[in-house]
DNA sequence: CTTGACCCTGTAGTTGCTACAGGGTGCAGT
DNA sequence: ACTGCACCCTGTAGCAACTACAGGGTCAAG
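Protein chains in written order, with our numbering: chain A, 190 to 328; chain X, 190 to 328.
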């Protein structure tokens, strides 16, 4: 029922991916060059739809292109242990955690700076002062 | 004591900014073109050091270049109210909060996917399955 | 007077797209 | 048959915010 020939626009709608992005994925080798119609239009099938969905989902979860490349290549070797997959995912989780920590630290610093603002004139603005913490030992 | 002529390397060390980055800031107009020595070396003073410190601190806090441009230009109008400064900072805090929320949602999803991994073969890997949530209503 | 650390300009690469420009294709309506 | 119009094609350039050369010049120490 769903299995027909899909244009790039169909794929785009089905996966909420811009047409240009799909062509970009093809250019960088994340998607294989598909068959073409008589009029030189790209013709996709369900296999490509699945692969692109996988890619998009992984991107949404913050995986980088190279990680996705690795995941895709591993996912084809069905008999091997999925330890390598697990390792990639865990590494990514660690990266996310470290980004989260950074962002939370940043947030709290920013928040404390903003809280000090009495909204007077800029000459005595606490935010500006907090941003320019130069050692005033000289002059 | 500290007030002499600073080379770009001095500025680089003092602010933990790469030399190339300083030149980049000059190119995009965030730093004014400095004086030059006889040998065409950039010659900075404490003013530039202060300005660059400000920029780096703001970057560390996640402000974008355009926001920093606005902060710098506002910080020169000392008599005006610092409401505009406050608004930029609050906007940035809101952006950070929204990024944090996204990242935390992502983290928990990633975590739950990883937790399902029994580390069997890839053919039945839960991580791969979770990444390819294609509607299987057809075929 | 040479060696090495520094500086200069200019350009290209990074990541993951996005946005044209300048065309071709396919189909519906008249 | 013709005319729109939506869609497709390739190729290139742009975004943020740097980073990394290449291919040269300058300067102080030994």
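Even glycine gets a Cβ: it sits at the ideal position worked out from N, Cα and C.
Would you say residue i lies against chain A (beta-carbon separation less than 8 Å)?
i: residue 292 (chain X); result: yes
i: residue 264 (chain X); result: yes
i: residue 211 (chain X); result: no
i: residue 258 (chain X); result: no
i: residue 300 (chain X); result: yes
i: residue 311 (chain X); result: yes
i: residue 228 (chain X); result: no
i: residue 234 (chain X); result: no
i: residue 195 (chain X); result: no
i: residue 275 (chain X); result: yes
i: residue 303 (chain X); result: yes
i: residue 269 (chain X); result: yes
i: residue 220 (chain X); result: no
i: residue 198 (chain X); result: no
i: residue 278 (chain X); result: yes
Could you work out which residue in the options is closest to residue i when comparing CA atoms only?
i: residue 297 (chain X); options: A:265, A:251, A:276; result: A:251
i: residue 194 (chain A); options: A:210, A:236, A:211; result: A:236
i: residue 302 (chain A); options: X:200, X:222, X:246, X:216; result: X:246
i: residue 200 (chain A); options: A:230, A:217, A:256; result: A:230
i: residue 304 (chain X); options: A:321, A:220, A:260, A:274; result: A:274
i: residue 332 (chain X); options: X:240, X:209, X:204; result: Because residue 332 (chain X) is not part of the residues shown, which for chain X are 190 to 328, the question remains open.
i: residue 279 (chain A); options: A:269, A:256, A:226; result: A:256
i: residue 196 (chain A); options: A:286, A:206, A:234, A:210; result: A:234
i: residue 248 (chain X); options: X:318, X:225, X:210, X:269; result: X:210
i: residue 264 (chain X); options: A:321, A:286, A:226, A:242; result: A:321
i: residue 269 (chain X); options: A:308, A:224, A:216; result: A:308
i: residue 204 (chain A); options: A:243, A:310, A:226; result: A:243
i: residue 202 (chain A); options: A:226, A:238, A:285, A:314; result: A:238
i: residue 299 (chain A); options: X:310, X:318, X:285; result: X:285
Measure from the C-beta of residue i to each C-beta in chain X and report whether the shortest distance is under 8 Å.
i: residue 205 (chain A); result: no
i: residue 296 (chain A); result: yes
i: residue 285 (chain A); result: yes
i: residue 201 (chain A); result: no
i: residue 316 (chain A); result: yes
i: residue 321 (chain A); result: yes
i: residue 248 (chain A); result: no
i: residue 251 (chain A); result: yes
In three-state DSSP terms, what is residue i?
i: residue 270 (chain A); result: strand
i: residue 221 (chain X); result: coil
i: residue 310 (chain A); result: strand
i: residue 285 (chain X); result: helix
Along the chain, where does the alpha helix (DSSP H) containing residue i start, and where does it finish?
i: residue 236 (chain A); result: 235-249
i: residue 230 (chain X); result: No alpha helix (DSSP H) holds residue 230 (chain X); DSSP gives it neither H nor E.
i: residue 206 (chain X); result: Element bounds for residue 206 (chain X): n/a, residue is neither H nor E.
i: residue 256 (chain X); result: 254-265
i: residue 320 (chain X); result: 315-320
What whole-angstrom Cβ distance do residue i and residue j have, given they're in contact under 8 Å?
i: residue 271 (chain X); j: residue 316 (chain A); result: 7 Å
i: residue 289 (chain X); j: residue 292 (chain A); result: 5 Å
i: residue 208 (chain A); j: residue 198 (chain A); result: 6 Å
i: residue 259 (chain A); j: residue 277 (chain A); result: 6 Å
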